Every structure is written in structure tokens, then in C-alpha cells.
Amino acid sequence: MFREAFVENGDKLEPVDRDLRRAYEHAQTSVEHFVDQYTERATLSFEEALNDYERSNRLLFGDDDEDAPRKGGWRLPSER
430 MFREAFVENG DKLEPVDRDL RRAYEHAQTS VEHFVDQYTE RATLSFEEAL
480 NDYERSNRLL FGDDDEDAPR KGGWRLPSER
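All residue numbers in the sequence shown are consecutive under my numbering, ending with 509.
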């Protein structure tokens, strides 16, 4: 799919293939890191899971509430 756009544009595919391969490898590394972090931090405590979810959202989206996923009604105890 991505390659087709470059072919239609008349671009050389060697650099395109290289960049796509690098992007795929980076994504694989990121996924593996995320899964490792998730399993390492997994907990049976619902409150700890909510706290971890909030920390993860702050790391991913900063303090911008518009970009962060909605909580769906769940709130930490301090927000009552």
C-alpha cells in the first residue's frame, strides 16, 4: 500500500524500502518495550491500575486533556 504511492509518484524504491524497513523495526522494538513494561507493572489492584493508566497517559499525551483518551467514568480516589 505505501509502496504503491511511491511507485505512482515515480520515486526510487530503494530508499523507500529502507525507510519502511527501519520504521517497521522501530515499531517492533517499541511494541516489545511496551509489552515488557506493561507485564512488569501489571497489578491485581484496581486502584494501582488506574494510577498506572494516568501516568501512562501523562507520558504519552502530556497534560493536554483533549489529546488524552477519556477515562470512561473511572476516577482515582483523589478526584471524588
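Ideal placement from N, C-alpha and C gives every residue a C-beta, glycine not left out.
All values derive from a computational prediction rather than experimental measurement.
Per DSSP, reduced to three states, the secondary structure at T468 is helical.
DSSP, read as helix, strand or coil, puts E495 in coil. DSSP places L479 inside the alpha helix (DSSP H), whose first and last residues are F475 to F490. Shown here, D446 sits in a helix according to DSSP, grouped into three states.
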